[in-house]
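First comes the structure, then the notes that go with it.
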Ligand SMILES: [Zn+2]
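Given below as structure tokens:
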């Protein structure tokens, strides 16, 4: 397992070296650290993530009142590191694309729908695999040298939102209406907040004085894609 990840890291390094850009000091600094982030995240995920998708803030208890629902909603996209990585990726992509704010908005909107789907007891196939794949794909989109298509990226973010929201629904099934609504508001707010923060960071990185202003975000994309691969292998090899 670990060998597989090390092989992946080496492959990313090889691909990056084959690009025809000359790294300035800032790029190299970030590059070295993005590799460490990917390595540490891989080790952490493989040892901790496991098969169960348990991101409950309430220790598995169904929220009973407004505050429990709200706090549980706030916590889920942060405690669930696969959700967190994805929300950061959509925020950074929003900074890369013209009118990119549609990407996180689509995701946050369809996440509410996804929870609704779960509460209606309709089943989405293999949600954990789709969530992991979404992290891999969006990390990849961010790592691309060319900007991805806005409509396609927004559509994919909307599709991913259904699966992330479906997973959020797991923690709120059986709750009363008040904690349920508070939970929806909680996870929507925190996702918007994290995406907005990532968006600002992305803009700041792009505006930083550098010969290659798009490099730091592309490195972040590689790191996120590496995490997505780790999630996906944890699900598949589970
Ligand atoms: Zn989760």
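Numbering (this note's numbering), first residue to last: 125 to 362. For glycine and all other residues, C-beta sits at the position ideal for the given N, C-alpha and C. Here the structure is a predicted model, which means the values were calculated and not measured.
Check whether the Cβ of residue i lies closer than 7 Å to any heavy atom of ligand 1, and answer yes or no.
i: residue 204; result: yes
i: residue 354; result: no
i: residue 207; result: yes
i: residue 250; result: no
i: residue 199; result: no
i: residue 320; result: no
i: residue 291; result: yes
i: residue 179; result: yes
Judging by CA-CA distance, which residue of the options is the nearest neighbour of residue i?
i: residue 254; options: 184, 271 and 283; result: 283
i: residue 236; options: 287, 269, 352 and 278; result: 287
i: residue 342; options: 268, 228 and 219; result: 268
i: residue 314; options: 337, 295 and 211; result: 211
i: residue 223; options: 277, 256, 200 and 241; result: 277
i: residue 221; options: 361, 358 and 326; result: 326
i: residue 329; options: 265, 273, 340 and 251; result: 340
i: residue 337; options: 206, 192, 219 and 185; result: 219
i: residue 285; options: 191, 228 and 346; result: 228
i: residue 349; options: 322, 312 and 264; result: 264
i: residue 360; options: 189, 250, 322 and 191; result: 250
i: residue 362; options: 199, 252, 191 and 190; result: 252
i: residue 320; options: 271, 273 and 226; result: 226
i: residue 246; options: 297, 351 and 191; result: 297
i: residue 346; options: 272, 199, 191 and 266; result: 266
Measuring CB to CB, does residue i end up less than 8 Å from residue j?
i: residue 208; j: residue 202; result: yes
i: residue 248; j: residue 307; result: no
i: residue 262; j: residue 335; result: no
i: residue 344; j: residue 216; result: yes
i: residue 260; j: residue 353; result: yes
i: residue 371; j: residue 257; result: The first residue shown for the chain is 125 and the last is 362, placing residue 371 beyond what the model contains.
i: residue 204; j: residue 304; result: no
Taking 8 Å as the CB-CB limit, is residue i close to chain B?
i: residue 241; result: Protein chain content of the structure displayed is limited to a single chain, and chain B is not contained in it.
Using 8 Å for Cβ pairs, my map puts residue i next to residue j. What's the rounded Cβ distance?
i: residue 239; j: residue 293; result: 4 Å
i: residue 299; j: residue 230; result: Residue 299 to residue 230, Cβ: 26 Å. No contact.
i: residue 84; j: residue 310; result: Given a span of 125 to 362 for the chain in the structure shown, any question on residue 84 remains unanswerable.
Please list the segments of the beta strand (DSSP E) lying wholly inside the stretch 212–241, counting only runs of 3 or more residues, in order along the chain.
Within the stretch 212–241, no complete beta strand (DSSP E) run reaches 3 residues.
Length at least 3, wholly inside the stretch 270–303: the beta strand (DSSP E) runs in chain order:
Counting only runs of at least 3 residues, the stretch 270–303 fully encloses no beta strand (DSSP E) element at all.
Could you tell me which uninterrupted alpha helix (DSSP H) segments, each at least 4 residues in length, are contained entirely in the stretch 307–343, listed from first to last along the chain?
Within the stretch 307–343, no complete alpha helix (DSSP H) run reaches 4 residues.
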